[in-house]
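Residue numbers (the numbering used here): 1 to 211.
Positions of the beta carbon are idealized from the N, C-alpha and C atoms, including for glycine.
Only a predicted model underlies this, so the values are computations on that prediction, with no experimental measurement involved.
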């Protein structure tokens, strides 16, 4: 089989075999270098205007895990997983955009005039529009979270996305900024036997429409 076909098959297999793990090997330790590499890959996900408006908090020390465990309804997997990421979306702020686009301008593929137009467009789209700002924060965090799942899978790790937590407690305990939304938690670690396989999905004819 050609190398390109191998890569395609590997990606498809990863998507088809992904599960939401609930049971983790609590003795498994992930070094910070592995956690950093997973997030490096997660940040290759897209964001509007290339805002990169997200932050990932890797909760992996016993004290931090206990705080998050309390905020997440004392769900055991927060304590048992190697780490749990708090995935934060940040409200888009056009004033930081020029700096984030400057590397594209310096690389030579984005004209400086285009960067200026994007900053102006972001200002028009988000400034004074609280709903649009929050929606964009959630979108960006979600794209990052989805990519994080498959980055972890590439390292032979299991993940579990969690929305069952008290966002106010997370904000308070982990010092989130006023511009940050704790969108979801993501456990990462080595899965134990006993996790469910991927659950069946609805038929395509119920969810797909061609127009």
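{"Query": "Per DSSP, which one or two residues make a beta bridge with residue 55?", "Result": "88"}
{"Query": "Quick one: what does DSSP say residue 182 is sitting in, helix, strand or coil?", "Result": "strand"}
{"Query": "Please list, in chain order, all residues of the same chain as residue 164 whose beta carbon is under 6 Å from its beta carbon, the five residues on each side excluded.", "Result": "73"}
{"Query": "If we count the other Cβ atoms within 10 Å of its Cβ and call it buried at 16 or more, is residue 47 buried or exposed?", "Result": "buried"}
{"Query": "Could you check whether the segment 170–184 touches the segment 58–73, counting it as contact only if at least three pairs of C-beta atoms, one from each stretch, sit closer than 8 Å?", "Result": "yes"}
{"Query": "Between which two residues does the alpha helix (DSSP H) carrying residue 144 extend?", "Result": "130–154"}
{"Query": "Let me know the secondary structure DSSP gives residue 14 once reduced to three states.", "Result": "helix"}
{"Query": "So which of 158, 33 and 143 has the shortest CA-CA distance to residue 89?", "Result": "143"}
{"Query": "Three-state secondary structure (DSSP) at residue 108?", "Result": "coil"}
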